[in-house]
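Please read the structure below before turning to the comments.
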Amino acid sequence: MADIDHFIDGARLWARHEALATFGATPAGGVDRPALSRAEIDARAQLMTWAAAIGLQPSTDDIANLFLRLPGRDPDLPPVLVGSHIDSQPTGGKYDGVYGVLAGLECLEAIVAAGAKPRRSIELVCWTNEEGSRFAPGMMGSAAFAGKRRLEDILAVRDADGVTVAGALRAVRAAENALAHRPLGGTPAAYVEAHIEQGPILDMRSIPIGVVTGIQGKRTFRVRIVGEENHAGTSPRSARKDALMDSVRIVSALRDTFADPDDIVRFTVGMFTVRPNAPSVVPSEVEFSIDLRHPDTSALARLGDQVAPICKANSLTCEAEIRELIHDPPLEFPGPLREKIRLAAAARGLGHMEIPSGAGHDARYLHYICPTAMIFIPCWKGISHNENERITPADALAGARVLATLVLGLAGE
Ligand code: HGY
Ligand code: MN
Ligand code: MN
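Each number in my numbering comes from the position in the sequence shown (counting from 1) with 290 added on.
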């Protein structure tokens, strides 16, 4: 273990974060790097350049997941996967997802530099569309890889401009036309994802390593309220089918329903569009998102089942259409892998603690097909999905070292 730490270069890891952040950089110091966008294509090219310099073999699949492979002594064995995502929210930070990919790359670079030849191949993965901000729902790449969502369903999803995933994939393929292609799916030996906590606990307690116990459950919906355009000056209230007023009533009723005293429920309406969005026209249509999360399976079921009835009951003048996008239950990562993270942190004298993930991750879908683990590092005040997202070089290095021990151990030194 001490050997591999000698080859992990914290300065290189930090410099690569700064370099990758230039792709989709925003003036406020964050990133806007939508899935399958030009900015993401350019960031992938940069990753492939770094990977080529250490001899990793690139390949991609039908949903444009990007694999960078370090062949093992026994290349026919199922590989160990390590990685995360590099697409971002529109006002994203530099580290959400990217940290897991660059820490994984750093591990592979260190393994090559150390002259280690693990038994199993190790594949660094960049999953397609983890965030789900351009194309919803998110985690399309890992869900398709794990066989949990049908590719044909995913390909038909459209973004706000009407571009389908299939159309956006064509642009990626055109830019990466020399890339080797592999069938979708697989059965990895294991998967490890390093990620920033995206919550305040590790930072508040100054603990550098989070041993992630699991991921809370999540249900997402799209609600469409359909009324009728009318003149703002002449139409009497009694005659209006006002999609905005009905939507406000619905969202307020949902808010009141989900406002639990213990502040465990996570209820968010993050997207809200009004049509025709003209000051003197009674809105005829509103579409909004619902992101509902809870760590308890039955509570999530019970609360989520109230969404449609509440929408219907509070849509007094309009039609309410409710579509559930995903219903992912809470999950727990296997104990033996969590123990390995603890031991790897303790061996380095690194503070560590068990911690659940409030955020969703691609590790969810890998968990359904192979032994999966997650390692958290702190982020400043827990701020994330925000351009002010911050980590420290020291925490980034500590997490990469623990990740290297996990990956090497799973690959069989
Ligand atoms: O929304 C999530 O939990 C993830 O960060 N995309
Ligand atoms: Mn993420
Ligand atoms: Mn995210």
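All residues carry an ideal CB built from backbone N, CA and C; glycine is no exception.
Roughly how many whole angstroms lie between the Cα atoms of residue i and residue j?
i	j	result
Leu398	Asp532	57 Å
Ile308	Thr682	The sequence given here places Glu at residue 308; Ile does not occur at that position. Approximately 12 Å between the Cα atoms of the pair.
Glu396	Ile298	6 Å
Arg680	Leu337	21 Å
Arg495	Asp322	30 Å
Glu543	Ser570	Strictly speaking, residue 543 in this sequence is Ala, with Glu absent from that position. Near 27 Å, if we compare the C-alpha coordinates of Ser570 and Ala543.
Asp366	Asp293	27 Å
Ala591	Ile344	47 Å
Pro361	Arg410	7 Å
Leu640	Val692	9 Å
Met291	Ala663	Its pLDDT being 46, under 50, Met291 is placed unreliably by the model, and nothing is read from it.
Val538	Pro317	33 Å
Cys660	Phe435	12 Å
Ser525	Val572	9 Å
Ser605	Ser374	40 Å
Thr418	Asp351	10 Å
Any heavy atom of ligand 2 within a distance shorter than 7 Å of the CB on residue i?
i	result
Glu420	yes
His255	Since the first and last residues shown for the chain are 291 and 703, residue 255 lies out of range.
His485	yes
His375	yes
Using the three-state DSSP reduction, which class does residue i fall into: helix, strand or coil?
i	result
Glu629	helix
Pro339	Looking at the sequence provided, one finds Thr at residue 339 rather than Pro. Three-state DSSP puts Thr339 in a helix.
Lys602	helix
Met429	coil
Ala510	The displayed chain sequence assigns Thr, not Ala, to residue 510. Three-state result, Thr510: strand.
Cys397	helix
Ala543	helix
Glu575	strand
Ala468	coil
Phe435	helix
Asp293	helix
Gly500	strand
Glu611	strand
Tyr655	helix
Asp618	strand
Have a look at the options and flag the residue whose alpha-carbon is nearest the alpha-carbon of residue i.
i	options	result
Arg328	Asp377, Ala301 and Leu346	Asp377
Phe578	Ser570, Thr547, Arg613 and Pro585	Arg613
Asp618	Arg654, Lys630 and Ala635	Arg654
Gly422	Asp536, Ser432 and Pro573	Ser432
Ala315	Ala470, Glu575, Gly383 and Cys416	Gly383
Ile645	Ile401, Leu492 and Arg463	Leu492
Val502	Ala301, Ile401 and Leu621	Leu621
Pro369	Ala684, Tyr481, Leu687 and Ala635	Tyr481
Thr607	Val576, Ile616, Arg632 and Gly523	Val576
His296	Asn467, Gly702, Pro668 and Ala688	Ala688
Leu445	Lys438, Gly437, Val455 and Ala335	Val455
Gly517	Asp546, Val564, Ala637 and Val559	Val564
Arg583	Gly648, Met643, Asp449 and Val597	Gly648
Thr312	Gly300, Ala301 and Arg334	Arg334
Give a single yes or no on whether residue i has its beta carbon closer than 7 Å to a heavy atom of ligand 1.
i	result
Ala426	no
Gln488	yes
Please confirm whether any heavy atom of ligand 3 lies closer than 7 Å to the CB of residue i.
i	result
Asp652	no
His675	yes
Asp386	yes
Gln379	yes
Ala649	yes
With a threshold of 8 Å between beta-carbons, can residue i be considered close to chain D, or not?
i	result
Gly452	Any reference to chain D falls outside this structure, which holds one protein chain only.
Could you check whether the Cβ of residue i sits closer than 7 Å to any heavy atom belonging to ligand 5?
i	result
Ser570	Among the ligands present in this structure, namely ligand 1, ligand 2 and ligand 3, ligand 5 is not found.
Problem - Completely contained alpha helix (DSSP H) runs for the region 309–390, where each covers 4 or more residues - result: 328–343
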